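S.K.:
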Amino acid sequence: MEGLVTLDEVKSQLMMDNDAADGWINLMIQAISGAVMTWLKEEWRAYVVVLGADGKPVLDSNGDPIVSLDSNGDPIVKPVVKAATLVEIASQFRFRDGDGAAAVPSTSGHGYVLGAGATNLLSGLRRSTLK
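15 is the number of the first residue of the sequence shown in the working numbering; add one for each residue after it.
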C-alpha cells in the first residue's frame, strides 16, 4: 500500500526542514496509513470517488464505488483522510515515547487504533458495524 501522505507533506506539517527524522517519518507514514485504512474498514472510503451524471457514486462489479485516479494513475486521497493522517503522525511525533498521547478510550469501542484528533476527522467516513 502506498502511504496516504508524502514525506514532504509530513515535514511541512511538522515544520521540519532537515532530514534527521526521515527514516522515522517514512516508517510512520506506512504504519499510520495502514491504521487509518483499518479504521475506515473499506479501502474506497479513503479516496475521492467517481460520480455519475446523477451525482451518485459509480459502482464496480462488487458494488463498491470506483475511486478517482490522478494523472499518474494513483487514487486521489480525500482531504479529510490526508488531514487525519497528518494529525496522527504529528501526535505520534510529539509523543514518541507514548506518554501523554490523547487516545480515544477503549470504552468507546472503536477508537483504540487512532488518537482523538484523527478519529474526530474520520468519524463521518466510517460505516458502523453492529454485532
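Each residue gets a CB set at the ideal place from its N, CA and C atoms; glycine is no exception.
If you're wondering where the values come from, they're calculated on a predicted model, not measured in any experiment.
Classify L73 as helix, strand or coil using the three-state DSSP reduction.
M.R.: Within the sequence shown, numbered from 1, the residue matching residue 73 stands at position 59. Reduced to three states, the DSSP call for L73 is strand.
S.K.: Just to confirm, is the Cβ distance from V94 to V81 under 9 Å?
M.R.: The residue you call residue 94 lines up with position 80 of the sequence shown. The residue you call residue 81 lines up with position 67 of the sequence shown. No, Cβ-Cβ distance for V94 and V81 is not below 9 Å.
S.K.: Taking 8 Å as the limit between beta carbons, can you name the residues of its chain near A97, skipping five residues before and five after?
M.R.: The residue given as residue 97 occupies position 83 in the sequence shown. L135, listed in sequence order.
S.K.: May I have the straight-line CA-CA distance separating L28 from L21, to the nearest angstrom?
M.R.: Counting from one through the sequence shown, the residue named residue 28 turns up at place 14. Counting from one through the sequence shown, the residue named residue 21 turns up at place 7. Here the C-alpha atom of L28 lies approximately 11 Å from the C-alpha atom of L21.
S.K.: Compare the beta carbon distance of W58 and P79 with 9 Å and say whether it is the shorter of the two.
M.R.: Translated into positions along the sequence shown, residue 58 becomes position 44. Translated into positions along the sequence shown, residue 79 becomes position 65. Between W58 and P79, the CB-CB gap stays under 9 Å.
S.K.: Using the Cα positions of V91 and G66, report the straight-line distance between them to the nearest angstrom.
M.R.: What you label residue 91 is simply residue 77 of the sequence shown in a count that begins at 1. What you label residue 66 is simply residue 52 of the sequence shown in a count that begins at 1. So the two alpha carbons sit approximately 19 Å from each other.
S.K.: For V72 and G17, I'd like the C-alpha separation in whole angstroms.
M.R.: Taking the sequence shown and counting its residues from 1, one reaches residue 72 at position 58. Taking the sequence shown and counting its residues from 1, one reaches residue 17 at position 3. Taking the straight line from one Cα to the other gives about 25 Å.
S.K.: Classify V19 as helix, strand or coil using the three-state DSSP reduction.
M.R.: Indexing the sequence shown from 1 puts residue 19 at position 5. Coil at V19, not helix or strand.
S.K.: Kindly indicate if chain D contains any beta-carbon less than 9 Å away from that of W38.
M.R.: The question asks about chain D, but that chain is absent: this structure has only one protein chain.
S.K.: Can you tell me which of the three DSSP states S26 falls into?
M.R.: Taking the first residue of the sequence shown as position 1, residue 26 is located at position 12. Of the three classes helix, strand and coil, the one that applies to S26 here is helix, per DSSP.
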